[in-house]
Every structure is written in C-alpha cells, then in structure tokens.
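K.L.:
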Amino acid sequence: MTAPAPATDGPAAHEPAAHEPAGDEPAVHGAAGGGPAPFVRVRVWDLPVRLIHWLLVLDLVALSVTGFLIGTPVIDPGGGVYWMSWTRTIHKVTAYLFIALIFARLCWHLRSPNPWSRWTEWIPSTRERLGQIVPSLRFYMFLTREAPPVVGHNPLAGLTYCVLYTMFGVEIVTGLVLWGAEGTGWASWLTGWLLHIVPLPTLRLIHHLIMWLTWGFMIHHLYSAILVDRVEGTGVMTSIFSGNKFLPKDHR
Amino acid sequence: MTRESGRPLSARLADAGVDRRSFLKFCAGITATLALPAQMAPRVAYALDSVDRPAVIWLEFQDCAGDTEAFLRSRNPSVADLLLGMISLDYHETVMAAAGVAAEKARDDAVARGGHLVIVEGSIPTGIPGSCTVGGRSAEQILRESVRGAAGIINVGTCSAFGGIPAAGPNPTGAVRVEDVVSEIPVVNLTGCPVNADNLTATIVHFLTFGEFPARDRFSRPLFAYGERIHDTCQRRGHFDAGQFAEQWGDEGHRRGWCLYRLGCKGPSTFHNCPSVRFNGGTSWPVAAGHGCVGCSEPSFWDSMSPFYDRLPHVATSGLDLTADQIGVGVLAATATGFAAHGVGKVVQHRVAAHRERQAADRLAEDAETPAAETDGHGDGDGSGDGTAGAAAPAGKAVPSSETDGGRETGEVK
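Residue numbers (the UniProt record's numbering), protein chains in the order written: chain B, 1 to 252; chain V, 1 to 414.
1) Span of the beta strand (DSSP E) holding isoleucine 123 of chain B?
2) What separation, rounded to the nearest whole angstrom, lies between the Cα atoms of asparagine 114 of chain B and asparagine 244 of chain B?
3) Excluding the 5 residues flanking proline 73 of chain B on each side, which residues of the same chain have their C-beta closer than 7 Å to its C-beta?
4) Is DSSP giving glutamate 25 of chain B helix, strand or coil here?
5) Does lysine 346 of chain V get closer than 9 Å to chain B when you measure Cβ to Cβ?
6) Could you name the residues of the same chain whose beta carbon sits closer than 6 Å to that of serine 384 of chain V, not counting the 5 residues immediately before and after it, in chain order?
7) Can you check DSSP and say which residues form a bridge with glutamate 121 of chain V?
8) Run down chain B in chain order and give the residues with a C-beta less than 8 Å from the C-beta of glutamate 298 of chain V.
9) What are the partner residues of residue 415 of chain V, as DSSP defines its beta bridges?
10) My assumption, with CB atoms under 8 Å, is that glutamate 228 of chain V sits in contact with phenylalanine 162 of chain V. Please give the rounded CB distance.
11) Applying a beta-carbon distance threshold of less than 8 Å, which residues of chain D neighbour methionine 84 of chain B?
12) What does the alpha-carbon distance come out to for the pair leucine 312 of chain V and tryptophan 302 of chain V?
13) Contact defined as beta carbons within less than 8 Å: I believe cysteine 259 of chain V pairs with glutamine 248 of chain V. What is the distance between those atoms, to the nearest angstrom?
14) Do you know whose CA, among V/Ser300, V/Thr323 and V/Gly136, lies nearest leucine 209 of chain B's CA?
15) Looking at the C-beta of proline 124 of chain B, does it have a partner C-beta in chain V at a distance below 9 Å?
16) Once you ignore the five residues that flank alanine 157 of chain B on each side, which residues in its own chain have a CB closer than 7 Å to its CB?
17) If you measure beta-carbon to beta-carbon, which residues of the segment 308-322 of chain V are closer than 7 Å to chain B?
18) Closest by CA to asparagine 154 of chain B, which one among B/Phe103, B/Tyr165, B/Trp189 and B/Ser125?
19) Since phenylalanine 61 of chain V and alanine 139 of chain V should fall inside the 8 Å C-beta cutoff, what is the C-beta to C-beta distance between them, to a whole number of angstroms?
20) Can you look up aspartate 229 of chain B in the DSSP assignment and give me helix, strand or coil?
21) When the Cα of serine 304 of chain V is compared with those of V/Ala288, V/Ser269 and V/Arg363, which residue comes out closest?
22) Measure the Cβ-Cβ separation of alanine 246 of chain V and glycine 253 of chain V and say whether it is below 9 Å.
23) If we ignore side chains and look at the alpha-carbon of each, how far apart do leucine 48 of chain V and valine 205 of chain V end up?
24) Could you check what DSSP says for leucine 223 of chain V in three-state terms: helix, strand or coil?
25) For a quick check, are the C-beta atoms of isoleucine 172 of chain B and alanine 95 of chain B less than 9 Å apart?
26) I need the straight-line Cα distance from valine 228 of chain B to valine 236 of chain B, nearest angstrom please.
27) Helix, strand or coil for aspartate 310 of chain V? Go by DSSP, reduced to three states.
28) Within the 9 Å Cβ cut-off, does alanine 187 of chain B reach chain V?
29) Would you call the CB atoms of leucine 208 of chain V and leucine 200 of chain V closer than 9 Å?
30) Would you mind sorting cysteine 46 of chain V into buried or exposed? The rule is 16 or more other CB atoms within 10 Å of its CB.
31) Count the other C-beta atoms from every protein chain shown that fall within 10 angstroms of the C-beta of tryptophan 45 of chain B, then say buried if there are 16 or more, exposed otherwise.
32) What is the DSSP secondary structure of asparagine 244 of chain B, reduced to helix, strand or coil?
33) Would you say glutamate 182 of chain B lies against chain V (beta-carbon separation less than 9 Å)?
34) For threonine 68 of chain V, tell me which candidate among V/Met96, V/Asp325 and V/Pro54 has the shortest Cα-Cα distance.
35) If we call anything under 9 Å between Cβ atoms a contact, is serine 123 of chain V one with glutamate 179 of chain V?
36) As an exercise, report each continuous alpha helix (DSSP H) stretch of at least 4 residues that is fully enclosed by the segment 156-183 of chain V, in chain order.
Have a look at this one:
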C-alpha cells in the first residue's frame with residue numbers, strides 16, 4: 001500500500017521553513033546524505049489560496065446553516081427574540097463575505113505569481129494538462145494505480161472546481177435576485193432582469209438545491225483529497241494547512 | 001353612453017347624489033393610494049373636476065369576469081359611481097345596456113374618435129383559430145382593432161397582464177398576454193386575481209390628473225401598488241421575524257395569528273399592496289383571513305407558485321414529486337455511498353496489485369536461481385493497467401517499476 005516512508009517524510013515535514021522557495025526553485029529535502037528518497041518541498045498553495053479556502057469553509061457552514069433555517073425555520077419559537085431576523089442578517093453578512101471571497105479568488109487566478117494558484121490549474125489549456133486528462137480518468141476508473149504526476153491538481157480535479165464555482169456563481173446571482181426582491185436597489189438593478197426568464201420561486205428552489213449540491217461536492221472533495229493523499233504520498237492533506245507538498249525529486 | 005363635455009364632474013356627481021364632501025374624501029383617499037403627498041389631493045380634485053371624460057372600452061377575453069365582479073362589487077358605494085362619472089364606459093360586455101350591432105358600433109365609434117383607454121380582462125387565445133369570436137371577429141382581431149389610436153391599455157387581472165390561469169401549463173388554448181399581441185401603446189398591468197378595484201380607480205385617476213400612467217416596474221405594474229412585497233408590509237411580519245409560525249391549519253400558532261410562511265405563504269415572492277389597501281373597501285385580505293398568499297399577481301403564478309401549501313416548488317416529473325430537501329439528502333447519500341464504494345475499490349485494487357507484485361517477485365527470485373531468467377529486466381515500462389491487466393501479463397514482466405508505489409517511495413527513479 002502507500003504508507004509514507006517515515007525516514008524521509010517525518011523530518012522533512014517538521015523542518016522549519018527558513019525560506020519560502022518559489023515554485024520554480026524548490027528546496028531539496030531528505031537527500032542531504034545521499035539518502036534513498038530525495039523529496040522536494042514545494043510551496044504549492046500560497047497564503048491567499050489557503051486563507052480563502054478556510055474562510056470559504058467557515059463561510060459555507062454559516063451560509064448553509066442560516067440558509068437552511070431560513071427555508072425551514074424549525075427552531076421552537078419562544079417569542080421575544082427576533083431570531084429569524086438575526087438569522088437572515090447573518091446570512092446576508094456572510095453572503096457579502098462569500099461574494100468577496102469568490103471575487104478575490106477569481107482575481108488571484110489572474111494575478112498570482114504562483115502557477116498552481118492560477119486559472120490554468122482549473123481549466124486545462126496546455127498540451128501537457130490536456131494530455132493528463134485521460135491518465136487521470138484511468139486512475140479514477142481503477143485502470144491504473146497511480147495518478148498522473150502533477151504538482152497541484154490533476155486536470156480533472158481542476159475541472160471540478162470550475163463546476164463548483166459555476167454553482168457558486170448561480171448561488172450568488174440567485175441570492176442577489178432574492179435580495180433585490182427585498183428592496184435592495186443595486187441588487188435588483190443588477191440581477192432583477194432574470195425575473196423575466198425565471199420566476200422568483202424557481203430561483204429560490206435553485207438557490208436551495210445548490211446548497212445541497214455544494215455539500216455533495218464537499219464529500220467528493222474530502223474523499224478525493226484523502227485518496228490522493230494515500231496514493232501519492234505527497235502530503236496533500238497537510239498541504240492545505242502548511243501550503244507545502246513533498247514531491248519526489250524527479251517530479252515535474 | 002354619450003360623451004358629456006362642459007359640466008364639471010362634481011356637478012354631475014351632485015346630480016347622481018354624491019355630495020362634494022364625498023368627492024373630496026375620495027380624492028384624498030386616492031391620493032394616498034397613489035402614494036402621492038397629501039398636498040396633491042387638491043390638484044387631483046381639480047384635475048378630476050375639469051377633465052373631459054375619456055372613452056373607455058372594456059374588453060373581456062379568456063376570463064372569469066372576476067375583475068369585473070371586483071370592480072362592480074366594491075363595497076365603497078361611491079367608488080363605482082365616481083368611476084362611471086369620470087369615464088365614459090362605452091363598451092363593456094357584462095354591464096352595457098346595448099346589445100348586438102349597436103354595442104359593436106359604440107365600440108367602433110369610440111375607436112374612431114381615438115384617445116380612448118382600453119381595459120382588458122382575460123388572456124388572448126392564439127392556439128385555437130376563431131376562438132372567443134364576437135360579431136365575427138376573433139379575440140385577437142378585436143384587441144388589435146380596439147387599441148388603434150388608444151391613449152393607453154390597462155390590463156386588469158393576471159390573465160391579460162401575464163396570461164394567468166389560461167396560460168398555465170399545458171396552455172391548451174395558446175393563451176398569451178396583451179403585451180404579446182400589441183406594442184407601441186403605453187400599457188399598465190394591474191395584476192391580481194382579481195384586480196383590486198382601488199388600484200384600478202387610482203390608476204385611472206392618475207391618468208386623468210397627470211395625462212399619463214404612473215411609474216411602473218419591470219412588469220409594467222404601477223409602483224404605487226406593486227412596489228413592495230407583501231411579506232415586507234404584512235401584518236404578520238413581526239411573527240416571522242420572531243420565528244413564530246403556524247405549522248398546521250388550525251393549530252395554536254394559526255389560531256393566534258402567527259406567520260403562515262411554513263404553510264406555504266408566497267408573500268415573500270409577491271409584489272402587491274394587499275396588506276395596506278386590502279379588498280372590498282378595506283375589509284380584509286387573504287393573509288388577514290388566515291390563508292397564505294398564493295402569489296396571484298406574479299408572472300406564471302399558477303405554475304411557479306404551486307404547490308400553494310409548501311414553502312418551495314417541488315421537482316416533479318410524471319413519476320416523481322420531490323422536494324428540494326429530499327433531493328438534497330438523496331444527493332448527499334448517493335455521493336457518500338458512491339465515494340465509499342470507490343474507496344473500497346481502490347483499496348482492493350492496491351491489495352490485489354501488491355499481492356501480484358509479491359508473487360511476481362517470488363517467481364523472479366526463483367528464476368534468478370536459474371541463469372536463463374534474464375528475459376526482461378526493464379519491467380513494465382508502460383505501467384498503466386498494472387492493476388487489472390497484470391493478471392494477463394507474463395510473470396516476468398511484473399517487476400516493480402517506477403510507476404508503482406513501491407518504486408516511488410523507495411526513491412527509485414526512472
């Protein structure tokens with residue numbers, strides 16, 4: 001199986017990061033004494049990516065819980081406490097944060113100096129990335145044991161984020177229509193024209209369904225991360241905390 | 001009816017037994033309905049008093065006459081009188097005294113003079129040729145001819161404004177709204193099932209006072225009546241914010257007048273001034289009577305707002321009728337099951353492959369004892385398919401290669 005070799009992975013993972021190497025010139029670890037396993041530490045997820053990732057997780061939890069309660073207000077009404085009003089307020093504030101985070105991530109896709117934070121990681125456009133699609137598919141379909149060697153995501157994983165962000169986009173737009181319906185002028189001006197095409201209750205339904213689909217994605221996301229972590233042994237699971245992956249020296 | 005010019009409205013009303021005080025009260029009330037400042041009331045009164053009565057043609061197509069009923073059964077006794085005094089209702093199938101050719105002629109004469117208002121009730125059937133034919137002319141023909149030279153069109157009720165119930169799926173008559181048939185004439189949509197007579201009166205007063213229809217929203221509905229959501233002006237809103245909901249018809253919350261949101265009230269999706277203007281002379285309105293809003297003043301309400309007693313629409317096909325939450329939980333369960341199965345598959349795949357590798361290594365070791373074993377030292381260069389195709393490969397080919405886990409983790413590189 002894929003148990004990581006403790007002699008190399010352990011010390012490397014805990015070594016203090018004296019300098020942060022850029023993606024192009026990775027620092028070499030574990031090969032000092034000409035040992036058997038030369039691993040390189042690569043800063044794959046830069047700070048904005050990790051920050052946005054974890055803020056999004058917290059935000060999605062808050063949005064989902066408040067959103068579900070708005071749709072199904074099951075809390076026993078005690079009266080006196082305007083908890084529905086508060087729940088909707090929290091939903092709106094966290095929705096503002098959500099829009100800001102998505103917008104920031106999209107900007108970072110265009111501006112980041114880190115190649116694994118850029119849009120090319122999500123949308124396979126180079127010959128190399130396109131060529132990895134079939135091997136990735138073969139890996140998930142049990143035809144090979146190994147995922148194709150990549151530093152960040154394999155192209156299929158990248159594409160799932162396109163799907164996720166499309167869902168987020170629909171969620172933001174439908175949310176803005178609902179917001180506009182409450183009398184928020186700019187939201188109505190921006191998205192109210194949609195009501196000519198889709199009735200308001202249908203938009204509510206879509207808004208609600210995508211919440212569930214997002215949690216379906218979460219299951220997939222967590223599973224895939226564990227799978228890749230086990231198979232590749234590059235420290236995917238810890239990389240989203242530390243930003244670092246540990247790749248074989250011959251990688252790339 | 002003939003046009004009567006010259007005499008002020010108040011004088012004509014006095015003849016009809018409506019005194020000046022009632023007239024001024026009406027003007028003040030209608031000014032408030034139009035959301036105009038109170039200082040505008042005298043201007044409204046002056047304008048109404050001096051205005052020439054416009055000719056009005058009231059057309060009925062695919063309708064239930066509910067809007068006519070709402071208009072005629074207004075509980076405020078003077079409103080209908082006032083309205084009939086303000087306008088010259090030259091054609092209205094349900095209430096006019098004339099019949100046959102004379103009635104048709106009255107309409108044609110009004111159209112010939114031009115500058116008239118056309119009030120439309122009901123949707124227009126376009127899928128059945130010749131349907132709703134009156135005097136040899138189809139609904140569509142009558143509409144097209146009647147709006148020629150008109151100053152404006154007032155659609156009363158959701159059917160003429162949005163197609164309404166006749167246009168609901170599967171729309172067997174090919175019903176369309178008025179705006180799908182005519183264009184280039186100002187249209188105001190007074191939706192609702194039925195229209196609120198006070199909003200109709202106010203719209204006509206606005207037209208007579210300012211010479212144009214009031215400001216409208218994206219669906220051509222006047223903002224004074226459709227500018228705010230029912231939910232935002234609802235008398236039960238406090239219970240919503242406090243989370244106090246009726247959960248069953250007739251339960252404690254319902255008896256205490258709590259919010260009907262969980263019983264499917266569509267107030268949050270519906271724009272109308274029902275909570276403030278109410279119906280039948282301000283007597284009541286659905287939510288006050290204990291029934292949730294069904295969203296009757298919104299486009300395609302019969303399809304999009306149903307089921308009326310559930311919060312969200314269902315996802316329904318011929319064989320299925322699922323709520324969003326049922327689908328959501330199903331998606332989560334399916335995702336979790338699917339990936340758990342995939343995980344088991346991956347574990348099995350690796351176990352099997354590792355087992356085969358061990359066997360192959362054993363055989364290689366056996367072969368190494370005999371000198372003739374050096375057949376293929378480079379291993380499986382392709383590496384792909386080693387999980388399943390490994391069984392068919394010759395024993396000597398399954399040497400651990402750089403493409404396998406073992407190869408990577410012991411640092412063997414290509």
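We put the CB at the ideal spot given by N, CA and C, even for glycine.
P.N.:
Let's see:
1) The count along the first sequence starts at 1 and reaches residue 123 of chain B at position 123. Note, isoleucine 123 of chain B: premise wrong, no beta strand (DSSP E); not H, not E.
2) The residue labelled residue 114 of chain B in the question sits at position 114 within the first sequence. The residue labelled residue 244 of chain B in the question sits at position 244 within the first sequence. Distance between the alpha carbons of asparagine 114 of chain B and asparagine 244 of chain B: 13 Å.
3) Residue mapping note: residue 73 of chain B aligns to position 73 of the first sequence, counting from 1. Taken in chain order, the residues that qualify are Met84.
4) Numbered from its first residue, the first sequence carries residue 25 of chain B at position 25. Note on glutamate 25 of chain B: pLDDT 45, under 50, position unreliable in the model; the coordinate value appears next. Reduced to three states, the DSSP call for glutamate 25 of chain B is coil.
5) If you number the second sequence from 1, residue 346 of chain V lands on position 346. It does; some Cβ of chain B falls within 9 Å.
6) In the second sequence, residue 384 of chain V corresponds to position 384, counting from 1. Bear in mind that a pLDDT of 42 at serine 384 of chain V, under 50, signals an unreliable position, so the number given afterwards is only what the model happens to contain. Counting only Cβ-Cβ distances below 6 Å, and skipping sequence neighbours, we find nothing.
7) Working through the second sequence from its first residue, we reach residue 121 of chain V at position 121. According to DSSP, which records beta bridges pairwise, glutamate 121 of chain V is partnered with V/Glu60 and V/Val156.
8) Within the second sequence, the letter at position 298 stands for residue 298 of chain V. Within chain B, the residues near glutamate 298 of chain V are Pro199 and Leu200.
9) Summary: the structure shown does not reach residue 415 of chain V, with chain V confined to residues 1 through 414, and so no result is reported for it.
10) In the second sequence, residue 228 of chain V corresponds to position 228, counting from 1. In the second sequence, residue 162 of chain V corresponds to position 162, counting from 1. In fact, because the Cβ distance is near 19 Å, the residues do not count as touching under 8 Å.
11) You won't find chain D in this structure, because its protein chains are B and V.
12) Residue numbering aside, residue 312 of chain V sits at position 312 when the second sequence is read from its first letter. Residue numbering aside, residue 302 of chain V sits at position 302 when the second sequence is read from its first letter. C-alpha separation (whole angstroms): 14 Å.
13) The residue labelled residue 259 of chain V in the question sits at position 259 within the second sequence. The residue labelled residue 248 of chain V in the question sits at position 248 within the second sequence. Actually they are not in contact, since the Cβ atoms of cysteine 259 of chain V and glutamine 248 of chain V sit about 14 Å apart, beyond 8 Å.
14) What you label residue 209 of chain B is simply residue 209 of the first sequence in a count that begins at 1. The shortest C-alpha separation from leucine 209 of chain B is found at V/Thr323.
15) On the first sequence, residue 124 of chain B is found 124 positions in, with the first residue counted as 1. No, no contact with chain V.
16) On the first sequence, position 157 is the one that residue 157 of chain B refers to. Excluding residues within five positions, the ones whose Cβ falls inside 7 Å are Ser224.
17) Arg311, Leu312 and Pro313
18) The residue labelled residue 154 of chain B in the question sits at position 154 within the first sequence. With distances taken between Cα atoms, asparagine 154 of chain B lies closest to B/Ser125.
19) Taking the second sequence and counting its residues from 1, one reaches residue 61 of chain V at position 61. Taking the second sequence and counting its residues from 1, one reaches residue 139 of chain V at position 139. The pair is a contact, with the Cβ atoms about 5 Å apart (cut-off 8 Å).
20) For the purposes of this step, residue 229 of chain B is taken as the residue at position 229 of the first sequence. Residue state, collapsed to three classes: helix.
21) Taking the second sequence and counting its residues from 1, the one referred to as residue 304 of chain V is at position 304. Residue V/Ser269 is the option with its Cα nearest to serine 304 of chain V.
22) Residue mapping note: residue 246 of chain V aligns to position 246 of the second sequence, counting from 1. Residue mapping note: residue 253 of chain V aligns to position 253 of the second sequence, counting from 1. Yes; because the gap between Cβ atoms is below 9 Å, this pair is in contact.
23) As a first step, residue 48 of chain V must be located in the second sequence, where it is residue number 48. As a first step, residue 205 of chain V must be located in the second sequence, where it is residue number 205. Cα-Cα distance, rounded: 7 Å.
24) Numbered from its first residue, the second sequence carries residue 223 of chain V at position 223. Helix at leucine 223 of chain V.
25) What you label residue 172 of chain B is simply residue 172 of the first sequence in a count that begins at 1. What you label residue 95 of chain B is simply residue 95 of the first sequence in a count that begins at 1. It is a contact, given that the beta carbons lie within the stated cut-off.
26) Position 228 of the first sequence, counted from the first residue, corresponds to residue 228 of chain B. Position 236 of the first sequence, counted from the first residue, corresponds to residue 236 of chain B. Those two C-alpha atoms are separated by around 7 Å.
27) Your numbering for residue 310 of chain V matches position 310 in the second sequence. Coil, per DSSP.
28) Reading the first sequence from its first residue, position 187 is the one you call residue 187 of chain B. No, alanine 187 of chain B does not count as interfacial toward chain V.
29) As a position in the second sequence, residue 208 of chain V is number 208, starting the count at 1. As a position in the second sequence, residue 200 of chain V is number 200, starting the count at 1. Not in contact: leucine 208 of chain V and leucine 200 of chain V (Cβ atoms no closer than 9 Å).
30) Here residue 46 of chain V refers to the residue found at position 46 when the second sequence is read from its first residue. Residue 46 of chain V is actually tyrosine in this sequence, not cysteine. Flag for tyrosine 46 of chain V reads exposed.
31) On the first sequence, position 45 is the one that residue 45 of chain B refers to. Buried is the call here.
32) Along the first sequence, read from residue 1 onward, the residue named residue 244 of chain B stands at position 244. DSSP places asparagine 244 of chain B in strand when its eight states are reduced to three.
33) Residue mapping note: residue 182 of chain B aligns to position 182 of the first sequence, counting from 1. Yes, glutamate 182 of chain B lies at the interface with chain V (some Cβ there is under 9 Å from its Cβ).
34) Translated into the one-based positions of the second sequence, residue 68 of chain V becomes position 68. It is V/Met96.
35) Mapped onto the second sequence, residue 123 of chain V falls at position 123. Mapped onto the second sequence, residue 179 of chain V falls at position 179. No.
36) 158-162 and 178-181
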